[in-house]
Every structure is written in C-alpha cells, then in structure tokens.
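Novice: Here our numbering is used: the first residue of the sequence shown is 20, the next is one more, and so on.
Just so you know, even glycine gets a beta-carbon here, dropped at the ideal spot from N, CA and C.
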Amino acid sequence: MLMNLMSALFDTYEFAQTNDLVDNHSLAEKGQVLVPIFHSSRKSNGNDVFEITIDEKGNAIGGCFLEKDEIVIFPVTEDSITRSGAKIAPHAICDELSYLAEEIDVKKNEEYHKGIKELLEYEKEKGLCKNFEIIGKYICRNEILDDFLRFFVKNCEYSIDDKYVLKYKIEEAADKVKEKSINLSKIFITFKIEKLYSADISVTRDVGLHNFYIDYVKEMNQSERNLRQCSATGQKDYCIERHRGVIGNAKLISISNNNETYYGRIKKGKDIFSLSYSASQKIHNMLKYLLDNETYRRFIGGDAYVVNWLAHDLEKGGFELISKWNFADDEIEELTMSELGGEVSNLLGDYFLGKNRQFAAKNDFYVLIVEKISNGRVSIKYFRRLTRSEAYERVKNWYESVSWKLYNKHWVPSLYEIVNFLYGEENSKGYLTCENKKLVRSTIERLLPCVIDSKKLPGDIARLAFNKLSNKHSYKKAWQKALSIGCALIKKHKYDYEGYNLNPDKISEVKKVKSSRDFNYGKLMAIYERVELAALLGRDGEDLKKERGKNLRITNADRLWSAMIRTPERTRFILESKIKPYMNILKKSKPGMYVFFDKMITEITLKLIELDDIQTGDKGALNEEFVLGYYYQKNEFYKKRDKKNEESE
C-alpha cells in the first residue's frame, strides 16, 4: 500500500510540474502553494516570522513581522529538513536567528555562513541568480540581529538577557506602558529585495532563486559517487535514508533503530528499498500540500485526516466525501429519487468526469486516510486508487442507497451526521454530537469503504441505528433528524443484504415490507400518535413549525414507544385503552376525523390479526421495519395535509 501511495504522489507531482502548478503563486489558495523540491514552507503566527527588506546594493532598509497565517517558502538541505534536538543543520538561506546571529550561537552561525559562501561561489561560477548574490552578500556582513532590533524595537526601551530573551516596553494608551518579551533565537528570518524598476520580490515568491537552488542541489548530488537505483523512478540517483515529516515531524517513511529489525537477509534499513532525494521531495511535498490544503483534506478526529484528489485535475480540489455535499436550496427541492440519477449524477459527473467525460474517465481519483500515531510516525490507514468513472459510479451508488427525506425534502446524511447519530447524544442546543473523537475517526474509517469500495454496511451499524431509534425518550428536539438518519441506514442495509431500494414515498409498494407485522405495528403507532395530537390541538393534524413553541405534554405513543418494540401485543392493548378518550373528543368535535382514524385503526388491527394467524412463530420483539412503518404512515399524513392545503389555496 505504501509503495502504491508513493507512486501516486510522485505521479501527481510530476503532472503538476509539467502543467506549471508547482511554485505557481497565481494559483495559491489561502497562500498554499505546491512547494518546489528542496524547499519547505512555514506559516506565520503573527509574531514569529520576520521579513527584512534590503535594497539592490545589499543594505537593510526595513523589516516587519509577517501577518498571521501568511506562508513563507525557503530552501532547505537534506540535514536541515530533518533536524531535531541539538543537531546543527542550517537551512540554506532563511532560518532562525540562532543560526543567523553569531551573538546567539557561534557554532550554528559558522555552519550557516559556510553554506552561504558555497552558494555564493556556485552563483559566481554559473552567474545564474543576481538576487541571491544580493541576499548572500548582505548575510555575510553578520548584521542581521542588529537590523532586526533596529526595525522591530525602534526607539522603545529594551533589554536582552543571557538566554537571548528580548524584553521591551510599549505604550498601549496614555500613561500606560506594558512590558513584553520574545525569544530571539526562535525568530525566523526571511528576506525581500526592493527593486527600483520592477516589483519587490521576496524569497518566497522568487521562482528564479528557487530554480537556482534546485540546480545547485542536483549538481552537488550527481557528483556523489555512491548512486543507487531509486525504487520510485527506476533510475540511478542520489538516494537518502532520512525523509522529511508530513504532519509536524511525524514521518511517512522512517528506519527503525532496533537492531532486531534487520536479523536475516536484510541487514540495514536502506536494503528494504531506495528512494532518491528528488523523488522523496516530490512525494513528501505533494502529500504535505494535500494535508495543508483544506480543499483536499478533512479532519476526522484524533490526528487523522481523509485526503482525496484527482491526479490530473488538481485545480478541482478534493471531493466532499464525509461532510455534506453543498447543494443549493433549489437543488435540494428537486432532489427526488428519479433525479438522483439525473440532477445529482450531473453534479457528481461534473466533478469526477468533467465536460469531456470520455477522456477524463481514464484519469485517477485517490482516497487516503493518514493518521499521526506518534511524534515521529504517521500511519496510512486506508488508500484507494480508482478511475474517475469507477469513483463516480460508486459515490453515486452511495448517494442513491442512503438518500431519505428530512422535513419533507430529499436529503443524504453526511458521514459526520451518521456518526453523531450512532454514537452521540442530543446537546442543549438540540444537535446530535459525539464527543469521543477517536470513535468518530474509527467509525468514519469503517464507513468510507462503503462509499469508495461499495462495501456492504456493517451489520452492527444497522442494528445500532435501530437501537438508537428504539429510545425515543432521549430526543427532545432532534427526533426528526435522528429518525431520517436511522431510516437512511436501514434503507442502506436492506439495499446491501436484501437487494431492494426503498423509496421513502413508496415504502408500502415493497411487498416484503408491506406484509410485515413490524411494518403494520409502526403504522399503528403513528396513527395513535396522530389521534392524540389531533385531539389535544383541536385541528386536523399538526403544524410542526408552530408546535415547536408550545409545551405539549408527551403523548402516550411516545411514552410507550420502547415498550411497543419489546412487547408489541401487550402494548397495543394498553394503547387502545389510552387512546379511547381522545377518540371520543374527536367524535364530538371532529366526527369526520374520528371516522377516518377509526377506519384506519380497524384495518390495521385486522391485518395484524391476520398476520399473527399466518406467522404463528413470529410474536416477539419488533425489528427495524417498525420504524419504516411509523415513518411511512407519518409521511402519509403530511402528504394528505399538503394536498389539502394546495386544494384550499
């Protein structure tokens, strides 16, 4: 799986490079750019990245901290990208003040200047980058700390202690002075050149400087004698054993320090496979870009992310696999079962297949779950490579098989909504939410293959959905949402294991469901509930939008909901007696409604007696079809009410 993932990331980066998507700031989203090889990026927190501006003669003329969330790109070395602890390994140009100021750390500064001088010699020999010559000569003066203090502290009173913590005072208001402090050694310094006859250019945006450094590293690496065959490219190249991190310092590829790992044929970690420095940079920079970019990744709890992308259409971003698809309101209105093959399919098709569907279908769609399992390791929990046409069909199939209705609109629950329903509780605001983020993550990991691999819905999830709906008392405001999600999961389970696709508007047309005692008990429960509400409210059916502001007492049907599922026959007789007073109210105030309900109750009761005679061995607790019957009958009442409203209008 790891080799397949590395191949996919490498191919995607190669495509991006060929199509001018690497180091292209005009395509940046929220500052995120696909970083060139031998470079890295860093996000400012507002007071940790300082940019010094120098003129074309190499004189420092200004400086300031970059805005919060602004991203800088800078060259790195093989050692600096993996540095940790007390290891001295400077970045190539931009780095922390502990490297750039000899006053803070002489050894770090010496090593840093050694690299700068080598780059200046290379530039002098090749004459490829005037901008680096300007920056390099300025760095060699070793005046960076003084310039930082001059531009940052200015005329404020300040002091520096023996640990190089800068303390300074600023005036916040009239006669009010506040003392602040900052660790100088951790301040990251980057550079910008002020141009006389063109726009200013920073190290971050200087593509010419980036290419100059790439050429330098490639030339240095090719001069190495010990070249090996790269497992990713198949070519002889300079190969490395240490690779950069992708979530902080947590690495996708690492070598074990335990000797027992290599007992047998394999003696060293590098004997397992070889990866060139260039290929490693492409693979890791590609993955880092996908993980850093909200367009491609979704956080699913813990330190885990779902990442998906189109290999040859990066500008489309990722597809919303776990959160709700952003349909417009008018699209939701039109989202009927027949149109799931039309309107929604077109939306999915526009993403996966594009306009030229025959051509685009050949390209690949990737889905990845990656999790940080320690400060030094990441784990690949799931990876799939599909053609666009395969992904399109499978995602469309998921939408069709879990679509249901919510508040009389066709709708598809997101994976988050499903997990919050299954394992969460209703909070004070009436939302279903699961506080156990590890459980959220693990459940999404189980559900995602149902979407991407067309795997069957796990049986325990369908059972849990029915169990959650069996406890109606636990919902005060979120019952309708819970009912719709539960029905969607029941529908999916029946689609996977029994082979039929339930339409929420036509449940009774499925013969197997229609002839079920469980289904008819559910219909009866909905009728009992409606009778009591109609008598209490004194009108034909309820208007849910108005009822939410009223303090109606809980109905007998609600109170005995769980009992009906456990012992249906006994509970039916109890409800029959409890519903009589409400039937008498209707008989006096709404005789037509009384006749309507009485006829329905009689028909279903006779049907249940008939089914009890036929299904003599099936008189235990009810199953999930009870919920379908309840939903169906309640939906029928809504339809009748809506039809009546249309006729009156």
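Tell me which residues share the same chain as VAL414 and place their Cβ nearer than 7 angstroms to its Cβ, disregarding the 5 neighbours each side in the sequence.
Specialist: LEU367, VAL470
Novice: Could you give the C-beta distance for PHE57 and VAL236, rounded to a whole number, given that I count them as a contact under 8 angstroms?
Specialist: 5 angstroms
Novice: Are the CB atoms of ILE317 and TYR308 nearer to each other than 9 angstroms?
Specialist: Contrary to the premise, residue 317 reads as Arg rather than Ile in this sequence. No, the pair does not count as a contact, with Cβ atoms beyond the cut-off.
Novice: Could you check the C-alpha separation between SER63 and LYS391 for me, to the nearest Å?
Specialist: 22 angstroms
Novice: Can you give the Cα-Cα distance for VAL52 and GLU419, rounded to whole angstroms?
Specialist: Answer to the nearest angstrom: the Cα atoms are 36 angstroms apart.
Novice: Three or more C-beta pairs under 8 angstroms: does that hold for the segment 218-233 against the segment 249-269?
Specialist: no
Novice: Quick check on this structure: which residue in MET25, TYR649, THR209 has the alpha carbon closest to the alpha carbon of GLU548?
Specialist: Comparing alpha carbon positions, the residue from MET25, TYR649, THR209 closest to GLU548 is TYR649.
Novice: With a threshold of 8 angstroms on Cβ separation, who are the neighbours of ASP349 within its own chain once the five nearest residues in sequence on each side are excluded?
Specialist: Low local confidence applies: a pLDDT of 42 at ASP349 is under 50, so the model's placement there is unreliable, with the coordinate-based value given in what follows. Closer than 8 angstroms at Cβ, skipping near neighbours: no residue.
Novice: With a Cβ-Cβ cutoff of 9 angstroms, do LEU543 and ARG591 count as a contact?
Specialist: The answer is yes: Cβ separation under 9 angstroms.
Novice: Output the boundary residues of the alpha helix (DSSP H) element that contains ARG413.
Specialist: 407-421
Novice: For GLU551, tell me which candidate among PRO600, TRP580, ARG589, ALA582 has the shortest Cα-Cα distance.
Specialist: Just measuring C-alpha positions, the residue of PRO600, TRP580, ARG589, ALA582 sitting nearest GLU551 is PRO600.
Novice: Under the assumption that LYS188 contacts LYS197 (Cβ atoms under 8 angstroms), give the Cβ distance between them as a whole number of angstroms.
Specialist: 7 angstroms
Novice: Specify, as a first and last residue, the run of the beta strand (DSSP E) that PHE207 falls within.
Specialist: Start and end: 207-212.
Novice: Could you round the C-beta distance between LEU425 and SER503 to whole angstroms and report it? I think they count as a contact, below 8 angstroms.
Specialist: Contact flag correct, Cβ pair sits at about 4 angstroms.
Novice: Is ILE573 helix, strand or coil by DSSP?
Specialist: Residue state, collapsed to three classes: coil.
Novice: Within the chosen definition, does the segment 485-500 reach the segment 456-471 through at least 3 CB pairs nearer than 8 angstroms?
Specialist: Contact fails: fewer than three Cβ-Cβ distances are below 8 angstroms.
Novice: DSSP on GLN51, reduced to helix/strand/coil?
Specialist: strand
Novice: Can you tell me whether GLY65 is buried or exposed, with buried defined as 16 or more other CB within 10 angstroms of its CB?
Specialist: exposed
Novice: Could you tell me which of GLU89, GLN241, LYS127 sits nearest to SER99, measuring between CA atoms?
Specialist: For the residues GLU89, GLN241, LYS127, the minimum Cα distance to SER99 belongs to LYS127.
Novice: Could you check what DSSP says for TYR216 in three-state terms: helix, strand or coil?
Specialist: coil
Novice: For the 8 angstroms Cβ check, are there 3 or more pairs between the segment 67-80 and the segment 193-213?
Specialist: yes
Novice: Secondary structure at GLN254, three-state DSSP: helix, strand or coil?
Specialist: coil
Novice: Using a threshold of 9 angstroms, state whether the C-beta atoms of THR406 and ASP369 are closer than that.
Specialist: no
Novice: For ASN539, which residues of its own chain have a beta-carbon under 8 angstroms away from its beta-carbon, when the five flanking residues on both sides are left out?
Specialist: ILE623, LYS626, LEU627, LEU630, GLY648
Novice: Measuring only the C-alpha atoms, how far is ASN446 from SER581?
Specialist: 22 angstroms
Novice: Quick one: give me the first and last residue of the beta strand (DSSP E) that ALA582 is part of.
Specialist: Here ALA582 belongs to no beta strand (DSSP E); instead the alpha helix (DSSP H) covers 580-585.
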